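Protein chains: 4
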Amino acid sequence: MRDVSAEAVVGDDLACAYRAVRDFTEALAAALSPEDQCVQSMPDASPAKWHRAHTTWFFEQFVLVPRLRGYRPFDAAYAYLFNSYYETVGARHPRPARGLITRPGAAEIGRYRAHVDAAMQRLLDDPAAAHELHGLVELGLNHEQQHQELLVTDVLHAFAQNPLNPALHPDWQEARLPGPTRFVAFAGGVVEIGHAGRGFAFDNETPRHRVLLQPYRLADRPVRNREWLEFMADGGYRTPTLWMSDGWATVQAEGWAAPLYWRECDGAWSQMGPGGLAPLVPDAPVRHVSWYEADAYARWAGARLPTEAEWEHAAADGRLHGLTGQVWQWTASPYVAYPGFRPAPGAVGEYNGKFMVNQMVLRGSSCATPPGHARASYRNFFYPDKRWQFSGLRLAQEA
Amino acid sequence: MRDVSAEAVVGDDLACAYRAVRDFTEALAAALSPEDQCVQSMPDASPAKWHRAHTTWFFEQFVLVPRLRGYRPFDAAYAYLFNSYYETVGARHPRPARGLITRPGAAEIGRYRAHVDAAMQRLLDDPAAAHELHGLVELGLNHEQQHQELLVTDVLHAFAQNPLNPALHPDWQEARLPGPTRFVAFAGGVVEIGHAGRGFAFDNETPRHRVLLQPYRLADRPVRNREWLEFMADGGYRTPTLWMSDGWATVQAEGWAAPLYWRECDGAWSQMGPGGLAPLVPDAPVRHVSWYEADAYARWAGARLPTEAEWEHAAADGRLHGLTGQVWQWTASPYVAYPGFRPAPGAVGEYNGKFMVNQMVLRGSSCATPPGHARASYRNFFYPDKRWQFSGLRLAQEA
Amino acid sequence: MRDVSAEAVVGDDLACAYRAVRDFTEALAAALSPEDQCVQSMPDASPAKWHRAHTTWFFEQFVLVPRLRGYRPFDAAYAYLFNSYYETVGARHPRPARGLITRPGAAEIGRYRAHVDAAMQRLLDDPAAAHELHGLVELGLNHEQQHQELLVTDVLHAFAQNPLNPALHPDWQEARLPGPTRFVAFAGGVVEIGHAGRGFAFDNETPRHRVLLQPYRLADRPVRNREWLEFMADGGYRTPTLWMSDGWATVQAEGWAAPLYWRECDGAWSQMGPGGLAPLVPDAPVRHVSWYEADAYARWAGARLPTEAEWEHAAADGRLHGLTGQVWQWTASPYVAYPGFRPAPGAVGEYNGKFMVNQMVLRGSSCATPPGHARASYRNFFYPDKRWQFSGLRLAQEA
Amino acid sequence: MRDVSAEAVVGDDLACAYRAVRDFTEALAAALSPEDQCVQSMPDASPAKWHRAHTTWFFEQFVLVPRLRGYRPFDAAYAYLFNSYYETVGARHPRPARGLITRPGAAEIGRYRAHVDAAMQRLLDDPAAAHELHGLVELGLNHEQQHQELLVTDVLHAFAQNPLNPALHPDWQEARLPGPTRFVAFAGGVVEIGHAGRGFAFDNETPRHRVLLQPYRLADRPVRNREWLEFMADGGYRTPTLWMSDGWATVQAEGWAAPLYWRECDGAWSQMGPGGLAPLVPDAPVRHVSWYEADAYARWAGARLPTEAEWEHAAADGRLHGLTGQVWQWTASPYVAYPGFRPAPGAVGEYNGKFMVNQMVLRGSSCATPPGHARASYRNFFYPDKRWQFSGLRLAQEA
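Protein chains in written order, with the working numbering: chain A, 315 to 713; chain B, 315 to 713; chain C, 315 to 713; chain D, 315 to 713.
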């Protein structure tokens with residue numbers, strides 16, 4: 315997997331990269347009505363309008379206010395409304411109540427974005443400032459790219475609550491990976507993982523360090539819907555011994571019998587996706603499964619999930635399909651700090667470090683990840699019961 | 315209190331009354347953005363858009379579909395989306411999820427209303443049909459008027475969750491009732507209550523029947539904010555012996571220390587209302603208090619709440635101020651069927667009867683009640699812990 | 315129905331009555347192990363040991379401490395542990411945590427009772443004191459009788475959670491009322507209800523007052539299990555239009571499909587009762603139904619529940635079977651104060667008055683009510699969703 | 315740390331070891347009343363009686379029923395009542411309802427234990443059977459030792475709910491570790507961890523395998539109460555940036571301001587422990603802290619928690635105090651399978667493996683751990699918010 319993010323997106327011309335990322339957010343939002351942008355369908359999700367505003371606040375709070383002389387915030391109340399979780403910076407609107415903020419509306423948020431963009435362009439036009447702020451702006455852009463994917467996942471969740479099954483992208487095409495799955499062998503040993511060298515990375519990808527791997531094998535493609543249907547037909551969701559204890563409790567409490575967004579009608583399965591409700595594509599990678607489901611599936615298949623180190627070490631192997639751009643792949647690794655990890659100083663140190671408990675690492679990227687945002691060392695993370703992300707799995711085995 | 319509803323609103327010209335009521339709903343909604351109309355700030359509340367659609371569905375479902383030959387419903391899915399609680403009619407979207415329906419949007423609901431209004435006008439242009447359907451259309455219009463008030467209460471609740479304190483009606487004026495409160499004496503005896511004669515009434519106001527009243531006295535005006543402040547200053551919210559056991563448990567669980575929408579800043583009280591956040595008006599009737607609070611206040615004041623029969627019997631007395639148009643007045647009466655009550659036949663029989671447990675009767679009407687909707691025999695009802703209505707109280711005493 | 319409570323239980327010899335009531339509690343507890351007496355199977359229920367201690371604390375707190383010179387409380391901590399809900403008297407152990415108090419144990423509570431009984435006998439041996447304290451001791455004894463019934467209902471609830479189905483009274487016999495149900499007609503008019511004259515009554519039965527009744531008819535016996543089976547067979551628990559809205563929500567949330575303690579095995583119904591698990595007796599009055607179920611049944615049967623005034627007015631009629639001693643009978647009446655009601659002064663004023671909202675009145679008495687405790691004017695009350703009492707129903711109709 | 319468990323407890327004479335472990339359970343229970351043994355103070359805890367019965371059922375279910383010809387279970391219902399979580403074996407009583415089982419009582423469970431013990435002695439008297447069943451019986455004994463500690467922790471939790479503060483062991487003595495804390499340096503490198511060689515170990519301690527450690531330093535003793543008081547005085551519980559995000563949310567939701575069982579009175583701290591309520595001992599290791607608290611404390615102290623591999627590798631170092639016998643020590647390691655881990659075949663394979671998500675590893679042992687049960691490779695595990703175990707911490711630092 316080529317590491318393309320630094321060049322393609324944030325390149326030498328920071329101002330250009332800034333415009334590209336910011337425009338992409340607005341392009342995503344353009345398909346949405348004001349109501350679509352305001353709704354919050356569950357506490358885990360945020361309104362699209364909030365994503366548009368919060369990413370803007372990030373630049374205002376961390377770049378413009380401290381660095382652009384004479385900058386006047388667009389609205390003093392927005393620091394309270396659109397801070398996500400930065401305790402260092404101050405109080406904020408409660409997360410589960412984000413959907414109650416009908417005003418400012420979608421149009422007003424557009425004006426907020428224009429206000430901040432104009433100031434950012436002024437700032438970035440100064441080569442010295444652009445040089446000095448490169449790292450912070452790059453972080454802000456990667457941050458916005460993460461919210462671009464969240465915007466898609468959150469809108470999909472909201473649309474899936476609507477009996478009318480609206481389509482976010484009516485011309486959506488599913489990836490297909492026909493053919494048999496093969497396992498590719500790796501010798502293990504002491505290898506290095508983590509980000510090093512030039513190009514952007516989040517702090518949680520560092521420091522690069524050595525790990526000791528046993529020999530292992532990795533499936534050459536993600537698990538697909540047709541394989542998941544076999545798991546279901548074999549009673550996968552009804553067999554407690556396949557599941558972690560917490561997973562089985564969740565299956566029973568939530569009544570899980572299929573991945574999120576799957577619906578059965580007269581024996582045929584459909585899936586609610588960015589293209590609306592559509593017949594399930596057997597050769598497409600399964601997605602919207604939780605870690606609990608991924609883990610149970612792997613056990614049923616006589617395999618296991620790979621560790622994140624196994625995944626990253628293998629990511630340079632050209633025989634592996636669907637590493638990025640299809641589904642995030644759950645790993646066996648809890649999300650913890652790398653040895654010697656130091657959070658970034660200041661408020662942005664809250665970006666990653668304080669979430670390093672109770673969550674599991676996913677690797678790769680998904681069909682909802684914006685172009686150029688993937689990296690072999692990238693560490694995504696969610697709680698093991700979450701299903702609304704474009705999350706799937708790839709199997710591993712002992713050698 | 316004059317019974318004006320039948321003449322003013324539904325009068326001889328049913329088509330004209332229809333237009334007037336329907337237009338009033340749209341006038342209320344005109345102050346709202348698409349986002350304002352979509353939000354549901356708690357399960358008790360409904361989106362403004364939903365109120366606009368549900369009242370329209372009522373005419374479509376109960377009048378047009380059965381009675382207008384060749385009528386084609388605007389959208390087959392709307393029967394599911396906009397049925398409120400009519401079990402007889404079929405399944406429906408879960409109430410707490412009404413705010414998740416971003417599509418159809420506010421504009422589309424406008425088209426739905428126009429479609430139904432056009433068909434209704436066709437139907438009402440036929441004098442025979444208008445005559446035959448008079449009762450049902452009158453019910454639909456009174457139903458819509460109830461939702462007009464709910465629209466205001468629900469938007470106010472949503473706006474009160476917003477730190478920006480938006481104003482629904484920026485030019486809002488508070489009612490004032492200066493001067494002392496006096497008690498007016500009534501002799502009691504066997505009196506009649508309930509609706510009789512001509513003019514519209516809901517089924518729960520019937521049959522008119524005799525009740526036996528002890529002599530009693532009724533305050534000539536509602537309790538006002540200045541008096542409520544005395545209750546608070548005297549520790550009203552901290553004295554368990556003033557409260558019903560369930561009320562005291564609610565005070566503690568919810569941390570109540572003032573009416574809903576009251577906010578203290580540096581010792582001064584403001585109130586969030588239709589005009590936004592404004593200084594509390596001492597001479598305005600207190601509102602947004604629950605039955606529990608009203609009952610505790612009355613006990614603190616050495617008085618009690620009137621029964622609904624006492625209220626209705628007194629309502630013709632010209633010395634009583636603020637009977638309607640200011641605040642709904644909690645009574646001591648649980649909401650139960652009158653002796654000999656029979657729900658209307660068919661689905662509209664679900665309108666009132668099935669709610670006759672666990673709720674308390676309020677009498678009068680409020681500043682949010684549409685003109686012409688009040689009646690001496692009118693029975694409003696809510697659970698005793700609810701505060702988001704424009705609910706206040708008037709005291710009673712033994713003679 | 316004869317009013318026997320005053321004579322039989324509290325008679326002229328107060329000391330003798332005291333011993334009789336206190337001994338009856340201990341006789342009930344004698345069938346229970348220390349563990350049986352400690353368990354609290356739900357927040358609504360209390361441990362048997364707690365009932366034994368709380369009724370003792372009532373005498374200690376309200377009689378001995380203020381009135382017996384030199385009395386030393388058995389243990390200063392008990393005032394905190396065994397106060398139920400008297401805010402006037404001080405803080406208390408939280409109700410849902412009563413089952414966590416393993417110490418003092420059942421034997422220690424026995425010593426507590428003996429300590430208080432000895433002091434009470436000393437006090438009552440003084441004729442002047444006995445005369446002066448008659449009303450308070452009588453209240454304490456009636457209070458203890460109420461807890462005798464609660465002890466039985468609460469133990470039954472605990473035993474019903476045990477897969478071994480223990481029997482509280484292995485030789486328990488069910489009442490039977492074979493033969494058809496007939497309706498007895500009453501003319502109504504202005505009648506008097508409420509307690510008057512000599513003999514004990516709770517404050518909530520007063521003042522005696524006039525009410526206006528329409529003509530009505532009352533079933534000559536409670537509804538029986540065989541009739542309830544017909545309701546079930548006819549889909550009673552699956553037909554929303556039979557239910558109050560709150561009732562139907564409860565049916566769905568709780569999955570109700572039969573009365574509490576009913577169990578089906580191979581098409582045959584059994585009932586968990588004081589005698590353990592036993593085949594359902596078709597001619598026995600149905601019990602352990604909520605008000606919601608009673609109300610739905612009545613609607614299904616083309617009848618209604620009687621008001622408490624109808625019930626009390628009819629209670630002198632010799633043609634009515636099972637008025638007392640079988641099942642408490644839900645009425646259509648919310649539990650509210652009688653006109654002119656004044657709670658007793660002091661802490662015992664909290665006994666009844668503060669519960670006069672959200673609950674429904676039951677009349678009569680049950681097979682678990684201690685002998686001599688029933689009265690025509692007696693007002694029992696529970697929330698409409700409660701089923702663990704020995705609660706059934708008797709039908710009424712318009713004349 | 316010497317590995318003493320195999321020799322001391324399960325030694326060559328299995329029958330003797332069996333008696334020793336079983337007697338120790340009964341000695342623990344002897345201090346408890348029947349009520350003490352029945353109570354379940356929260357879903358995480360189990361009644362002492364249940365611990366006594368469940369450990370007995372383990373031998374009955376996994377040893378006697380399959381291996382002792384002619385064995386008759388004591389009571390067929392016990393398999394349902396006393397199975398903990400073995401899905402393979404069948405249905406079971408819901409965990410949160412264990413405290414509702416008042417019958418069988420404590421005495422009856424004593425008879426159950428005697429019945430199973432007699433059969434086990436018969437079986438173990440046969441040398442061939444004892445040899446063949448050695449591993450299974452050893453597992454059962456180690457299982458019972460785990461429940462001996464849980465019995466103590468669960469009774470302490472129940473007693474701590476009682477305002478009378480009962481003492482489990484009135485003569486309890488706190489460990490003290492006076493003097494300064496020093497850090498001991500370790501070079502790291504590729505080391506081996508996990509169980510190997512002879513002697514008992516749980517499956518989760520295997521396979522022994524190599525891990526790569528960076529150089530690190532480990533505190534020579536656990537954190538003590540006096541140090542924890544400094545953390546509190548410095549606002550540790552009020553400073554969000556010290557906490558993981560999930561930890562801070564828990565602090566706020568639960569109102570944590572000190573370790574569990576700590577109580578302040580007039581500025582002096584006491585601790586509820588096995589000896590009842592006693593003044594806090596400054597030099598005793600802090601205990602009853604969650605992983606969230608341990609992690610926040612370490613951050614405040616400029617240190618971190620050790621990984622479980624660091625802990626185990628260091629455990630042979632003689633300069634380290636309090637490795638076992640005082641408090642379990644939270645590590646930075648999520649509880650996951652060792653590379654190549656295989657659960658034991660059959661139902662006992664559910665013992666450990668299915669809990670390998672969402673929990674954190676603790677190492678060492680506590681003052682409540684039975685003698686001979688500790689091991690350098692021992693892996694204890696609990697959720698990061700749990701505090702009712704005897705859990706503390708030891709700091710680590712980068713070299």
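Even glycine gets a Cβ: it sits at the ideal position worked out from N, Cα and C.
This structure is a prediction, so every number in the text was calculated from the model and none was measured.
Anyone know if the C-beta pair for residue i and residue j falls short of 8 Å?
i      : j      : result
P387/D : L470/D : no
H457/A : F372/A : yes
P620/B : L532/B : yes
V641/C : P593/C : no
F695/D : Y649/D : yes
T564/D : D358/D : no
P536/A : L707/A : yes
Y692/B : E452/B : no
L676/B : T645/B : yes
Who are residue i's beta bridge partners in DSSP?
i      : result
H368/C : Answer by DSSP bridge pairing: none, since H368/C is not bridged.
M586/C : L591/C
V265/C : Absent from the model: residue 265/C. The displayed extent of chain C is 315 to 713, so no value can be given.
C579/C : A582/C
For residue i, which residues from the same chain have a beta carbon less than 8 Å from its beta carbon, with the 5 sequence-adjacent residues on both sides left out?
i      : result
P653/C : P521 and H523
G660/A : T402
P529/D : A499, F500, A501, G502, E712 and A713
R540/D : P596 and D597
If I measure Cβ to Cβ from residue i and keep anything under 6 Å in the same chain, skipping five residues before and after, which residues do I get?
i      : result
A443/D : L437
F473/C : P480
R427/B : T370
S663/B : Note on identity: in this sequence residue 663/B is Gly, with Ser being the wrong assignment. Excluding sequence neighbours, G663/B sits near P657.
Does the Cβ of residue i have 16 or more other Cβ atoms within 10 Å, making it buried, or fewer, making it exposed?
i      : result
E607/C : buried
P573/A : buried
Q643/C : buried
Is residue i close to the ligand FMN? I mean its beta-carbon at under 7 Å from any heavy atom of the ligand.
i      : result
A367/A : In terms of ligand content, the structure shown is empty, and the ligand FMN therefore cannot be addressed.
Identify, in the order they occur along the chain, each residue of the same chain with its Cβ nearer than 7 Å to the Cβ of residue i, setting aside the five sequence neighbours on each side.
i      : result
H365/C : H461, L464 and L465
H448/C : L328
- Task: Note down, one range per segment and in chain order, each beta strand (DSSP E) of at least 3 residues found wholly within the segment 474-504 of chain D.
- Result: Entirely contained in the segment 474-504 of chain D, the beta strand (DSSP E) runs reaching 3 residues are, in chain order, 497-500.
- Item | Entirely enclosed alpha helix (DSSP H) segments - the segment 625-670 of chain A, minimum 4 residues | Contiguous alpha helix (DSSP H) elements confined to the segment 625-670 of chain A do not occur, taking only those with 4 or more residues.
- Identify every run of the alpha helix (DSSP H) within the segment 386-465 of chain B, keeping only runs that are complete inside it and at least 4 residues long; order them along the chain. 392-396, 420-438 and 441-446
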